[in-house]
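Be aware that the sequence shown starts at 2, since it is given in my numbering, and climbs by one per residue.
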Amino acid sequence: KEMAKFISFMPQIFEVTYPTTVEEIILMGFNPDMGIFQNYSRKMKDQVKKELESFGLEEYRHRDFLTLSEGQKQKVRLIRSLIRETPVLVFDEPESTLDFMVRHDMMELILAQTKMRNCISLLVIHDPSLALRYADKIHMFKDGQVVASIDVKEEDAVDIESKMRLVYGDVELIKTSDGKLLVDKKN
Numbered sequence: 002k003e004m005a006k007f008i009s010f011m012p013q014i015f016e017v018t019y020p021t022t023v024e025e026i027i028l029m030g031f032n033p034d035m036g037i038f039q040n041y042s043r044k045m046k047d048q049v050k051k052e053l054e055s056f057g058l059e060e061y062r063h064r065d066f067l068t069l070s071e072g073q074k075q076k077v078r079l080i081r082s083l084i085r086e087t088p089v090l091v092f093d094e095p096e097s098t099l100d101f102m103v104r105h106d107m108m109e110l111i112l113a114q115t116k117m118r119n120c121i122s123l124l125v126i127h128d129p130s131l132a133l134r135y136a137d138k139i140h141m142f143k144d145g146q147v148v149a150s151i152d153v154k155e156e157d158a159v160d161i162e163s164k165m166r167l168v169y170g171d172v173e174l175i176k177t178s179d180g181k182l183l184v185d186k187k188n
């Protein structure tokens with residue numbers, strides 16, 4: 002409970018099997034701060050309303066979470082993790098259930114929220130191209146050990162490619178027209 006004051010977590014899997022409103026899902030983000038029989042306050046509910054408005058989801062406030070698209074559900078999960086305004090946010094594969102464009106939208110939302118709230122975001126993702134596009138620093142794991150760290154803004158493409166090969170094998174970096182790096186399997 003002490004750690005929850007500083008860290009919010011967005012799990013990869015967030016199972017909801019019973020009808021629950023979007024507002025109730027987001028309010029659950031306050032649970033680490035609450036006593037066992039404590040009710041959600043008016044201030045908490047107002048904060049949920051404000052966050053839904055800022056994400057353009059206010060019309061879904063009283064809607065059943067289970068009826069939302071995966072992209073909408075993921076935005077609600079994001080709001081739930083942001084609601085307590087902790088200094089550190091941890092995301093476990095926040096893009097994993099999303100299609101191509103929505104994955105990028107989610108990563109851009111996380112990046113924008115991190116900057117706007119002046120907090121630290123740690124993401125576990127398995128797509129090296131997404132990591133290169135949106136992260137400042139990348140720590141690459143293999144067999145449970147950190148095998149390489151990349152400072153995306155400071156390192157050149159040759160160094161980044163050699164570090165990527167430690168985890169992904171025979172890969173190459175491709176530079177896009179806007180200067181972004183993508184990782185591709187070498188033929």
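For each residue, glycine too, the CB sits at the ideal point set by N, CA and C.
According to the DSSP secondary-structure assignment, L58 is paired through a beta bridge with no residue.
Separation of L58 and L112 (C-alpha to C-alpha, rounded to the nearest whole angstrom) is 19 Å. Remark: C-beta atoms of F101 and K76 do not approach each other more closely than 7 Å. DSSP, reduced to helix, strand and coil, places V172 within a strand of the structure shown.
Where I8 is concerned, there is no enclosing alpha helix (DSSP H), although the beta strand (DSSP E) around it starts and stops at 8 to 11. Taking a 10 Å sphere around the C-beta of F92, we find 16 or more other C-beta atoms and assign the residue as buried. Out of S97, I27, F10, the CA that lies nearest to the CA of L131 is found in S97. Annotated as proximal: Y61 and V23, with beta-carbon spacing under 7 Å.
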